[in-house]
Each structure stands twice: as structure tokens, then as C-alpha cells.
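Enquirer:
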Amino acid sequence: MPELPEVETVRRGLAPVLEGAVFDRVELRRPDLRFPFPPGFAGRLEGRTVAALGRRAKYLLAGLDDGATLAMHLGMSGSFRVADSVAAADAFHHARGKDERHDHVVFALSGARLPGGARVVYNDPRRFGFMILVEPGGLERHPLFAHLGLEPVAGALDPDALAARLAGRTTSLKAALLDQTLIAGLGNIYVSEALWRAGLSPRRAAGSLVRKDGRASGRLVRLTECIVAVIADAVAAGGSSLRDYVRADGSLGMFQHAFRVYDREDGPCLRPGCRGVVRRLVQTGRSTFYCPVCQR
DNA sequence: CCACAGGCCTGCAGGC
DNA sequence: TGCCTGCAGGCCTGTG
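Under this note's numbering, the first residue of the first sequence carries the number 1, and numbering increases by one thereafter.
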């Protein structure tokens, strides 16, 4: 259930292995994940070198030496693990309680930095993840990427740009922040955490943070600061490890220990001086955690 | 059996 | 009629 911090942590773990490495063999152990693999998918990758491993929103983007891009989304339960052999990979996965029935893709790699080669294994029990190959120059026009919103990182998430996108919208702040065409990379955990930090109710109308002249209100400036901060803090902690997510080297993220509201229903609000109790509500089918006392 | 889980696409209904 | 918006449902498997 990787959100941006988990995907970024995976990227940092995989980059030293993938960058400069060649796909010697790509093994698809089933014909589909969320979508069927396109015909020739594995063969199209074999023999190609990874130039760089990047990220956009919750997508991992492996740029290939011929200009194409392997785009990978982890869905709700996707994870990668790295090993120098099949046996080591399986032992590692086993230790993490992973079921090898859900090992769906195996990349066999070689490279100057990989004496003896390496294997990168993709495991995804729920199969909401997917991999696609985008031909050179096609990324910006691709329907999955063309409408992605602002990255929630310093310098990219501009309050007035966000105000322009929220103006007039009656939908809840919770739903707006989950909308990947507005801000790209937030998910259910970090929306709750950011709104708690900002002291804003998840039920508030998104457009209520925009001034009449169309610019960002003080509250919206504060919210953008809190979004950037919570994402940066989570990346620094290696993301959050709950049920499925582990880092590429098998270690756990630590940010789950820093949650202020997420999954803390009925617990005391942790804001100094606030005597509220954390509540859970369901918005557009997803749990929201918030303090009704200090989030208005 | 039920509810719920970190994502996101589709289709439908309602408002203008 | 169209366009936009917002929401329920569905995709899968696993866990409590």
C-alpha cells in the first residue's frame, strides 16, 4: 500500500542494483497483474540496460538505454526484494512471511556493479499493481501520466497553484487530497496525517481554503507546508511498514511509529493541550482518522 | 460469515 | 443535450 514515501524508499533501495544493470532475463510467472502484460513485454526488456531509476507520484520509472520507460505501480500490496541468487531471494521472502505463490515477476540482472549477477523479484498478493512499457517520448502523453498533479515536495507544491485547482470545489478536503490529478502521491495514511498536522477537518469543503481572489488562504499555505513536511519526514524514516510493505533490502520503514492519528481510533489526540479523542469516519469508502476537537 | 486493508479505474446519477 | 463532479462498486487476496 505504498504511498509516495514507500515508493521513494523502494526507489532508493533498487537504484544501486538496477542502474547500469542489464536485464538478462525477465520471467513472467503469470500472464497478468492488474492488467495483462502486453505481448512481447519480457522480450522487449531483455538485453536493455537501465539508465536511471526515477519516480513520479506512486510510479517507479526505469529509464532504459533506448529511451523507453518501464513504469511500475505497486498497487496495494506490491513489493520488491533483491538477492544475489534465487535461493537467497526465496529465503529472504520466506523470512518476511511472503508467499512465493505471489512472486509474479523475476528480473535476472548482470552488470559491472553486480559480480555474479542479481535478482529482483516482484511479489504482489492482491495484484492491484502493474507494469507497462512506454516508448520513447510517450510518457507525458500517456493517459496514466498526462493528468498527474503536483508532487508534494518542497518547491513543487505551490499554494497558489493548488488554490487554482481547489477553487469552487465542494468535495471534502479528504477526497481532494486523495485525487491524484490535484496532488500526486498522497494516499490514505498521509492525507489523514497531513490534515491533523494542519488542524483542518477532513470534512471541510476543499474550495473553502481559497480566497475570493483565487489565491491561497493562510490555512491553505499552512496545509501545503504540512503536506510537504509529513512526506519529507516519512521518506526520511524509510516509509511506513504495516502489513505488506518492506524495503527492497528487507528492512522495515519506521514512520508508522510517528503516526499522530492514522489507525488510532479512540486514542487521545496527541496535540499538546488538546483533550480530543481520535475518531474514524468513512469518506468515499475509505477510513479517515481525525480529531474532531482540534481539526476544524 | 463479516469488515477491513497503504490504490485506482469504470460507470452512473445528479446539477448546471 | 452536453459537461462536470462526486460517489459506489469492483478488482484481488489475506487477516482478524
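Glycine included, each C-beta is placed from N, C-alpha and C at the ideal position.
None of these values were measured; they are calculated from a predicted model.
Provide the residue span of the alpha helix (DSSP H) that contains E27, from first to last.
Expert: Locating residue 27 in the first sequence gives position 27, counting from the first residue. Not the alpha helix (DSSP H): E27 falls in the beta strand (DSSP E), residues 22-28.
Enquirer: Determine the direct distance from the alpha carbon of F107 to that of G78, and round the result to whole angstroms.
Expert: Residue numbering aside, residue 78 sits at position 78 when the first sequence is read from its first letter. Residue numbering aside, residue 107 sits at position 107 when the first sequence is read from its first letter. Cα to Cα, G78 sits roughly 15 Å from F107.
Enquirer: Report back the beta-carbon spacing between D160 and R215 to the nearest angstrom; my notes put them in contact at under 8 Å.
Expert: The count along the first sequence starts at 1 and reaches residue 160 at position 160. The count along the first sequence starts at 1 and reaches residue 215 at position 215. With a Cβ gap of about 5 Å, D160 and R215 count as contacting.
Enquirer: Quick one: residues in its chain with C-beta nearer than 6 Å to the C-beta of S287, no 5 flanking neighbours on either side, listed in chain order?
Expert: Taking the first residue of the first sequence as 1, we reach residue 287 at position 287. Hits under 6 Å: R280.
Enquirer: Around the C-beta of K212, are 16 or more other C-beta atoms found within 10 angstroms, so that it is buried, or is it exposed?
Expert: Stepping through the first sequence from its first residue, residue 212 is reached at position 212. Looking at its Cβ environment, which holds fewer than 16 other Cβ atoms inside 10 Å, K212 is exposed.
Enquirer: Would a C-beta distance cut-off of 8 Å place R126 and M72 closer than the cut-off?
Expert: The residue you call residue 126 lines up with position 126 of the first sequence. The residue you call residue 72 lines up with position 72 of the first sequence. No, the Cβ-Cβ distance between R126 and M72 is not below 8 Å.
Enquirer: Could you check whether the segment 14-24 touches the segment 258-265, counting it as contact only if at least three pairs of C-beta atoms, one from each stretch, sit closer than 8 Å?
Expert: Counting Cβ pairs under 8 Å, fewer than three are found: no touch.
Enquirer: Please state the DSSP three-state secondary structure of P5.
Expert: The sequence position of residue 5 within the first sequence is 5, counting from 1. The answer is helix: DSSP assigns P5 an H, G or I state.
Enquirer: Specify, as a first and last residue, the run of the alpha helix (DSSP H) that R219 falls within.
Expert: As a first step, residue 219 must be located in the first sequence, where it is residue number 219. Where R219 is concerned, the enclosing alpha helix (DSSP H) stretches over 218-236.
Enquirer: Determine the DSSP secondary structure at F145, reduced to helix, strand or coil.
Expert: Locating residue 145 in the first sequence gives position 145, counting from the first residue. Reduced to three states, the DSSP call for F145 is helix.
Enquirer: What's the C-alpha gap between G155 and V228?
Expert: Reading the first sequence from its first residue, position 155 is the one you call residue 155. Reading the first sequence from its first residue, position 228 is the one you call residue 228. The alpha-carbon atoms of G155 and V228 are separated by roughly 9 Å.
Enquirer: In whole angstroms, what separates the C-alpha of V235 from that of S241?
Expert: Within the first sequence, numbered from 1, the residue matching residue 235 stands at position 235. Within the first sequence, numbered from 1, the residue matching residue 241 stands at position 241. In a straight line, the C-alpha of V235 is about 12 Å away from that of S241.
Enquirer: Roughly how many angstroms separate the alpha carbons of C294 and G276, rounded to a whole number?
Expert: Numbered from its first residue, the first sequence carries residue 294 at position 294. Numbered from its first residue, the first sequence carries residue 276 at position 276. So the alpha carbons of these two residues sit roughly 7 Å apart.
Enquirer: Along the beta strand (DSSP E) that carries E132, what are the first and last residues, could you check?
Expert: The sequence position of residue 132 within the first sequence is 132, counting from 1. Reading off the sequence, residue 132 comes out as Ile, not Glu. 130-134 is the span of the beta strand (DSSP E), which, as asked, contains I132.
Enquirer: Once the 5 residues before and after E41 are set aside, which same chain residues still bring their CB inside 8 Å of it?
Expert: As a working note, residue 41 is residue 41 in the first sequence. Sequence inspection shows Phe at residue 41; the Glu mentioned does not correspond to that position. The answer, listed in chain order, is V26, L28, M131, L133.
Enquirer: Starting from the C-beta of C291, find all residues in its chain whose C-beta is less than 8 Å away, skip the five residues before and the five after it, and write them out in chain order.
Expert: Position 291 of the first sequence, counting from 1, holds the residue named residue 291. Around C291: W196, V261, C269, R271, C274, G276, V277, V278, R279.
Enquirer: In whole angstroms, what separates the C-alpha of E135 from that of I183?
Expert: As a working mapping, residue 135 is identified with position 135 in the first sequence. As a working mapping, residue 183 is identified with position 183 in the first sequence. Each residue's alpha carbon lies about 25 Å from the other.
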